[in-house]
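Residue numbers (our numbering), protein chains in the order written: chain P, 663 to 830; chain Z, 663 to 830; chain G, 663 to 830; chain A, 663 to 830. Taking it in order: structure first as structure tokens, then the write-up.
Number of protein chains: 4
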Amino acid sequence: MKKIIAVCGSNQGDKSLTKEVLKIAERVGYLIAEKEGILICGGLGGIMEAVAKGAKEKGGITVGILPYDKSKANKYIDIPIGTNLGFYRNYIIVNSADAIIGICGRWGTLNEISIALALGKPVILISTSKGISELLSKKEILKYFEEKPYIAETPEQAVDLAFNLIGK
Amino acid sequence: MKKIIAVCGSNQGDKSLTKEVLKIAERVGYLIAEKEGILICGGLGGIMEAVAKGAKEKGGITVGILPYDKSKANKYIDIPIGTNLGFYRNYIIVNSADAIIGICGRWGTLNEISIALALGKPVILISTSKGISELLSKKEILKYFEEKPYIAETPEQAVDLAFNLIGK
Amino acid sequence: MKKIIAVCGSNQGDKSLTKEVLKIAERVGYLIAEKEGILICGGLGGIMEAVAKGAKEKGGITVGILPYDKSKANKYIDIPIGTNLGFYRNYIIVNSADAIIGICGRWGTLNEISIALALGKPVILISTSKGISELLSKKEILKYFEEKPYIAETPEQAVDLAFNLIGK
Amino acid sequence: MKKIIAVCGSNQGDKSLTKEVLKIAERVGYLIAEKEGILICGGLGGIMEAVAKGAKEKGGITVGILPYDKSKANKYIDIPIGTNLGFYRNYIIVNSADAIIGICGRWGTLNEISIALALGKPVILISTSKGISELLSKKEILKYFEEKPYIAETPEQAVDLAFNLIGK
Numbered sequence: 663m664k665k666i667i668a669v670c671g672s673n674q675g676d677k678s679l680t681k682e683v684l685k686i687a688e689r690v691g692y693l694i695a696e697k698e699g700i701l702i703c704g705g706l707g708g709i710m711e712a713v714a715k716g717a718k719e720k721g722g723i724t725v726g727i728l729p730y731d732k733s734k735a736n737k738y739i740d741i742p743i744g745t746n747l748g749f750y751r752n753y754i755i756v757n758s759a760d761a762i763i764g765i766c767g768r769w770g771t772l773n774e775i776s777i778a779l780a781l782g783k784p785v786i787l788i789s790t791s792k793g794i795s796e797l798l799s800k801k802e803i804l805k806y807f808e809e810k811p812y813i814a815e816t817p818e819q820a821v822d823l824a825f826n827l828i829g830k
Numbered sequence: 663m664k665k666i667i668a669v670c671g672s673n674q675g676d677k678s679l680t681k682e683v684l685k686i687a688e689r690v691g692y693l694i695a696e697k698e699g700i701l702i703c704g705g706l707g708g709i710m711e712a713v714a715k716g717a718k719e720k721g722g723i724t725v726g727i728l729p730y731d732k733s734k735a736n737k738y739i740d741i742p743i744g745t746n747l748g749f750y751r752n753y754i755i756v757n758s759a760d761a762i763i764g765i766c767g768r769w770g771t772l773n774e775i776s777i778a779l780a781l782g783k784p785v786i787l788i789s790t791s792k793g794i795s796e797l798l799s800k801k802e803i804l805k806y807f808e809e810k811p812y813i814a815e816t817p818e819q820a821v822d823l824a825f826n827l828i829g830k
Numbered sequence: 663m664k665k666i667i668a669v670c671g672s673n674q675g676d677k678s679l680t681k682e683v684l685k686i687a688e689r690v691g692y693l694i695a696e697k698e699g700i701l702i703c704g705g706l707g708g709i710m711e712a713v714a715k716g717a718k719e720k721g722g723i724t725v726g727i728l729p730y731d732k733s734k735a736n737k738y739i740d741i742p743i744g745t746n747l748g749f750y751r752n753y754i755i756v757n758s759a760d761a762i763i764g765i766c767g768r769w770g771t772l773n774e775i776s777i778a779l780a781l782g783k784p785v786i787l788i789s790t791s792k793g794i795s796e797l798l799s800k801k802e803i804l805k806y807f808e809e810k811p812y813i814a815e816t817p818e819q820a821v822d823l824a825f826n827l828i829g830k
Numbered sequence: 663m664k665k666i667i668a669v670c671g672s673n674q675g676d677k678s679l680t681k682e683v684l685k686i687a688e689r690v691g692y693l694i695a696e697k698e699g700i701l702i703c704g705g706l707g708g709i710m711e712a713v714a715k716g717a718k719e720k721g722g723i724t725v726g727i728l729p730y731d732k733s734k735a736n737k738y739i740d741i742p743i744g745t746n747l748g749f750y751r752n753y754i755i756v757n758s759a760d761a762i763i764g765i766c767g768r769w770g771t772l773n774e775i776s777i778a779l780a781l782g783k784p785v786i787l788i789s790t791s792k793g794i795s796e797l798l799s800k801k802e803i804l805k806y807f808e809e810k811p812y813i814a815e816t817p818e819q820a821v822d823l824a825f826n827l828i829g830k
């Protein structure tokens, strides 16, 4: 069965979403598709759109778990799931995934990362992508937690690590 | 955007699941794929497996919204979503769909049909497929409800009606 | 620990909600409080308001699990829980209860009853209260299902049966 | 209508849960009850048990939103709601509350705090209670977020602030 990789990150409107950060997301999507993983994400803009765009460039499958109406899905989403659950949909993204990659992010991404770690799922943060992914990569932060995320510096490291951790 | 059709019906173990009833489900799956719809269902056995099998015979895309672990998905599911939500996942199936087709079914299917009708989504029941789909096709039952399901007698009627109702 | 009894039934706007039917709900609420049960319901109008009114007349505790904002709770609700979950909140009502009593009802109530029976929870329907509680009391309907609800004719029968079934 | 205050914090097993931290939680519960607020929490051990204990000392009402079975509620919970939703129940706690107070905490508490802030609900963290409540009180952390929690140093400050913010 194909592996499912969740990518969590900021929606559009986050000032940390520079071109460089969006390029990281696009590259992550591309690499997930290259390894024949299914991408799952929140289906909206910002990181979610960039990662789905990258996956489609390589012919991958993209699933968007939307907070309300599926018509809000970005144009790179193949399978838009309109949950009508609002932020609760964050859990479905995390529960559905074999591994979670965090890129940039604010409270919503922190919500997804924290639930993944509370559930014991493998989480990889890209420390060079700003936002809470940068924040949670710091040693003085991580000492507060027993379960720790993995830290990667590049898209290649993050995707390789994700697939290695889940056995492919 | 491709249309999403949910098919709801009995899991394996229902004595009403005769060969004829499973053939109806398989045919419905085939026809949904032929019209380029995405099939969404509960991802388990019985009707869910037969309908996904039919969709894959025609090269369609199949999404399974599982109650707990995605490893329980039947082998015809392309995208298994492990919600860890138990029966709550019924709502996600219904919320994600443009139209809902009911085949056979017991309390669980009635749960999905009832939420779809309470939400005002188009529901088509196949009256020849036994179970609650037969039951809810009866006039003396339907008089109890203001919002009523559509009734079809064959897979062709059901799938044609579903796509006509949602504008394709 | 006090027992929790869910009462499910029509919201205001259902034409079946006659004075007699509302009196049944009010009496059920009163009797639940008399037996020191906690009443849980959907918190809105119609049956939900009548049953909560009855429970407060006898000094009981009333919990309302609201679909969205807790400000929509009727005035007899002590503890309004605003879930922001829409119809998904039906599951929480059912999951929280030791036993479920159905009074009148349409698709929404059928949704709650069906999930309770699928989960194997004890369900008691008052056959004299119209709506789906009357419908599902009929033998020709019940033969479609393996798990069956209990049928009561009066509030006293229903509440006695509920507490007997759950061991108080 | 009475105000509902959620208190989020570590379950038992967290090494940061010293006697002093548990005393903070107990005092917060007492003060919420004194102001006639309804306490809502996750219903389990650690901070959840200490805060409920404090509320009952002052005769308050305590609601526990449990992840699965309500039989797991601590003995100070008046209204145990067994959601069968696992960690998803965190959202219900947050959605139900007028204000959220954080005490100590790990990933699960961070999950609740992050969703509250993403939703725009008022959040007050007690900076002297260790764990993520201490962590998120730091200026170098808070600069990562636009929406910020309020920071209190004592139970009195936290509860006063909560009620002031929500208009009582």
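Glycine included, C-beta positions come from ideal geometry on N, C-alpha and C.
{"Item": "Residue environment, A:Met663, which counts as buried when at least 16 other CB atoms sit within 10 Å", "Value": "exposed"}
{"Item": "Complete runs of the beta strand (DSSP E) confined to the region 714-783 of chain G [at least 3 residues]", "Value": "723-728, 741-744, 761-765"}
{"Item": "Range of the contiguous beta strand (DSSP E) that encloses P:Gly707", "Value": "Careful: P:Gly707 lies outside any beta strand (DSSP E) and carries neither H nor E."}
{"Item": "Reference Z:Ala712, options Z:Tyr738, Z:Phe825, Z:Ala824, Z:Ile727, closest by Cα", "Value": "Z:Tyr738"}
{"Item": "Where the region 736-754 of chain G meets chain A: residues whose CB sits under 8 Å from a CB there", "Value": "Asp740, Ile741, Pro742, Ile743, Gly744, Thr745, Asn746, Leu747, Tyr753, Ile754"}
{"Item": "Proximal residues of chain Z, C-beta to C-beta of G:Asn773 below 7 Å", "Value": "Asn773, Ser776, Ile777, Ala780"}
{"Item": "At least three beta-carbon pairs within less than 8 Å, the region 720-732 of chain A to the region 789-808 of chain G", "Value": "no"}
{"Item": "Burial state of Z:Glu774 (16 or more Cβ within 10 Å)", "Value": "buried"}
{"Item": "Collapsed DSSP secondary structure at A:Gly829 in the structure displayed", "Value": "coil"}
{"Item": "Where A:Leu797 meets chain P, residues with beta-carbon distance less than 8 Å", "Value": "Ile803, Tyr806"}
{"Item": "CA-to-CA distance, G:Ile741 to G:Ala820, given in whole angstroms", "Value": "24 Å"}
{"Item": "C-beta neighbour in chain Z for P:Ile694, strict 8 Å", "Value": "no"}
{"Item": "Nearest-angstrom Cβ-Cβ length linking Z:Gly748 and A:Asn746, presumed shorter than 8 Å", "Value": "6 Å"}
{"Item": "N- and C-terminal bounds of the alpha helix (DSSP H) containing A:Leu797", "Value": "793-797"}
{"Item": "Residues that DSSP places opposite G:Ser824 in a beta bridge", "Value": "Looking at the sequence provided, one finds Ala at residue 824 of chain G rather than Ser. Per DSSP, none; premise fails for G:Ala824."}
{"Item": "Beta-carbon spacing of A:Ile794, A:Leu772 below 8 Å", "Value": "yes"}
{"Item": "Any chain A beta carbon closer than 8 Å to P:Gly705", "Value": "no"}
{"Item": "Min CB distance Z:Glu682 to chain G below 8 Å", "Value": "no"}
{"Item": "The region 752-762 of chain Z contacting the region 783-790 of chain Z, beta-carbon criterion three pairs below 8 Å", "Value": "yes"}
{"Item": "8 Å CB neighbourhood of G:Tyr753 in its chain, flanking five on each side removed", "Value": "Ile777"}
{"Item": "Extent of the continuous beta strand (DSSP E) run through G:Gly671", "Value": "666-671"}
{"Item": "Helix, strand or coil at P:Leu804 [DSSP, three-state]", "Value": "helix"}
{"Item": "Coarse secondary structure for P:Leu679, derived from DSSP in three states", "Value": "coil"}
{"Item": "Rounded straight-line distance, which links the Cα of Z:Glu696 to that of A:Asp731", "Value": "45 Å"}
{"Item": "Cross-chain neighbours of Z:Gly793 in chain G, by beta carbon under 8 Å", "Value": "Tyr806"}
{"Item": "Cutoff 8 Å: A:Arg768 Cβ touching any chain P Cβ", "Value": "yes"}
{"Item": "Close Cβ partners of P:Met710 (< 6 Å) along its chain, the five nearest in sequence each way excluded", "Value": "Cys703, Gly704"}
{"Item": "Presumed contact (8 Å Cβ cut-off) between P:Leu679 and P:Pro817, rounded CB distance", "Value": "16 Å between Cβ atoms; not a contact."}
{"Item": "Beta-carbon contacts of G:Leu804 that lie in its chain and below 6 Å, excluding the five residues immediately before and after", "Value": "Lys810"}
{"Item": "A:Val683 beta carbon less than 8 Å from that of A:Cys766", "Value": "yes"}
{"Item": "Contacts that P:Glu809 makes with chain A (C-beta to C-beta distance below 7 Å)", "Value": "Trp769"}
{"Item": "Short Cβ contact (8 Å threshold) for A:Phe825 with P:Arg768", "Value": "no"}
{"Item": "Contact list for Z:Asn757 against chain P, beta-carbon separation under 7 Å", "Value": "Gly744, Thr745, Asn746"}
{"Item": "Outcome for Z:Gly829 when other beta-carbon atoms lying within 10 angstroms are tallied against a minimum of 16", "Value": "exposed"}
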